[in-house]
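Everything in the sequence shown is counted per this note's numbering, starting at 7 for the first residue and increasing by one. These notes concern the structure reproduced below.
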Amino acid sequence: MRCPFCGNQDTQVKDSRPTEDNTSIRRRRFCPQCAARFTTFERVQLRDLVVLKSEGKREPFDRDKILRSMQIALRKRPISEEQLERMVNSIVRRLESSGDNEVHANQIGEVVMESLAELDPVAYVRYASVYKDFREAADFNEFLEEIGRDPSELPLPGKKKSTKKK
Ligand SMILES: [Zn+2]
């Protein structure tokens, strides 16, 4: 596993154990080159999902996009890495068991919102306000791509950067 900080190809596993719900293996890794520590998760993938975007385009499902968008909504909230990991797992599981290899981008957004509503009300409001605003202008995947590009530019409530609708 490559070090995400310095790119070194040779990192060491320091600790390896199942997560609380036993659906994945959590590994603590160490990079001998830059001394960074990071965590990886090994989990089951039931099927390869394809995301159907509103304009009819398709792209491979990307679990990390969901994770990143939730991390942003949960910024500074008292939710552990493992709680979030479990939540993303259950979201992916729900999408995978929907019976179809294609999922609509909107469907992903709705499931993420439902999950955040359960996990943390503040994060839910943050996510919902960004998502619902955005849905009028473009599709959810483009929103996620935005997040991938520059999370600090996201107009989260409380940041006093968003433009009010008139
Ligand atoms: Zn490194």
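Heads up, the beta-carbon is just placed ideally off N, CA and C, and yes, glycines get one too. From a predicted model like this one, the values you see are computed outputs, not experimental measurements.
In this structure, how does DSSP classify residue i when only helix, strand and coil are distinguished?
i	result
K71	helix
V56	strand
F146	Note that F146 scores a pLDDT of 49, beneath 50, so its modelled location is shaky; the value from the coordinates is reported in the next line. Residue state, collapsed to three classes: helix.
V131	helix
E61	coil
V50	coil
E124	helix
Should residue i and residue j be called a contact, given that it needs their Cβ atoms to be closer than 8 Å?
i	j	result
T46	R35	yes
I97	I72	yes
D126	L80	yes
N107	L55	yes
V117	R92	no
T29	N95	yes
V57	R49	no
If we count the other Cβ atoms within 10 Å of its Cβ and call it buried at 16 or more, is residue i buried or exposed?
i	result
C12	exposed
C37	buried
R132	buried
S75	buried
S121	buried
C6	Since the displayed the chain opens at 7 and closes at 172, residue 6 lies outside it and no answer follows.
G115	buried
V19	exposed
A129	buried
A111	buried
F146	Below a pLDDT of 50, predicted positions are generally treated as unreliable, and F146, at 49, falls in that range; the measurement from the model is reported next regardless. Per the 10 Å Cβ criterion, buried.
Start and end of the alpha helix (DSSP H) containing residue i?
i	result
S22	No alpha helix (DSSP H) contains S22, which is instead part of the beta strand (DSSP E) from Q18 to P24.
R99	E87 to E102
N107	Element bounds for N107: n/a, residue is neither H nor E.
Determine the extent of the beta strand (DSSP E) in which residue i is found, giving its start and end residues.
i	result
F36	S30 to F36
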